[in-house]
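Residues in the sequence shown are numbered from 50 upward in steps of one, following my numbering.
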Amino acid sequence: MKKIIFAAAALCLIFGLAACVSVDTSSKKEYQTATGTPKNSVVFYGFLSCNSQQSFAQMDPNFAPDNQKMKNSIFISKPVAPGSTYALEYIQGAYRSGNVIWNWDQYLPLQTAGNPLIVHVSKKPGLQFIGFIDSYEMLRGRTARIEKYDEAGERTCLEGALELYEGTEWESVIRERLDELNGKK
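Structure (structure tokens):
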């Protein structure tokens with residue numbers, strides 16, 4: 050009986066999270082025309098649970114200022130400079146549990162000590178998976194915790210990236226990583 054209840058709870062969680070998962074393709078043109086290639090830039094991506102919007106600000110003084118605004122739970126950056134550092138600057142979303150809906154719409158401090166999510170961009174050009182981050186826990190005052198690596202989660206993010214970067218130099222790199230995840234390499 051416990052196994053059935055556990056399985057039912059797990060399915061509810063999966064379907065609940067699936068409802069939050071999507072990629073906003075309304076800004077596809079911005080991705081299509083963004084400068085930076087897989088040879089000289091990094092695209093970072095991941096999943097912030099049940100978010101509707103987020104933005105990251107480049108905060109390393111050795112690199113040009115940049116702001117990456119993204120919609121929905123899956124976040125996919127435009128090409129960024131390798132070795133740069135981005136801080137989660139803004140987050141908006143909602144979490145529902147039973148009859149309670151918890152909404153957030155919050156700006157976060159850019160100082161590393163007070164910011165729950167700092168992205169240290171890889172120094173190697175290409176793709177960088179940040180992971181699955183529990184927004185609810187993060188906004189309760191905890192540092193962002195990257196959940197256990199999940200190939201299915203990375204695959205979902207990459208499929209969204211493929212929609213945004215279709216027809217660009219990034220498409221082949223994204224497809225190559227998807228092939229790796231699907232066991233074709």
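Glycine residues also receive a C-beta, built at the ideal position from the N, C-alpha and C atoms. It should be emphasised that the depicted structure is a prediction, and the values quoted were computed from it without experimental measurement.
For Lys172, the number of other beta carbons within 10 angstroms of its own is below 16, and it is reported as exposed.
In summary, Val129 is buried, with 16 or more beta-carbon neighbours lying within 10 Å of its beta-carbon over all protein chains present. Met187 has its alpha-carbon roughly 14 Å from the corresponding atom of Ser122. DSSP places Ser133 in the coil class of the three-state scheme, outside both helix and strand. Pairwise C-beta distances place the region 125-144 in contact with the region 96-110, as three or more of them are shorter than 8 Å. A check of alpha carbon separations from Trp153 across Met119, Ile179, Ser184 identifies Ser184 as the nearest.
Where Ala113 is concerned, there is no enclosing alpha helix (DSSP H), because DSSP gives it neither an H nor an E. Apart from the 5 residues on each side of it in sequence, Tyr80 sits with its Cβ closer than 7 Å to the Cβ of Lys127, Leu213, Tyr214 in its chain, given in chain order.
Annotated three-state conformation of Val149 is strand, per DSSP. In this structure, the alpha-carbon of Leu227 lies about 15 Å from that of Phe93.
Assigned with DSSP and collapsed to three states, Ala83 falls in coil, not helix or strand.
In the three-state reduction of the DSSP assignment, Ser171 falls in the coil class, being assigned neither a helical nor a strand state. With a contact defined as Cβ atoms closer than 8 Å, Ser101 and Lys120 qualify at about 7 Å.
With a 10 Å radius around the Cβ and a threshold of 16 neighbouring Cβ atoms, Gly232 comes out exposed. For Gly209 against Ile125, the beta-carbon gap comes to about 6 Å, under 8 Å, which counts as contact. Scanning Pro165, Phe112, Lys118, Gly147 for the CA closest to the CA of Pro131 turns up Phe112. Taking each of Gly175, Lys118, Pro114 in turn and checking the Cα distance to Lys77, the smallest one comes out for Lys118.
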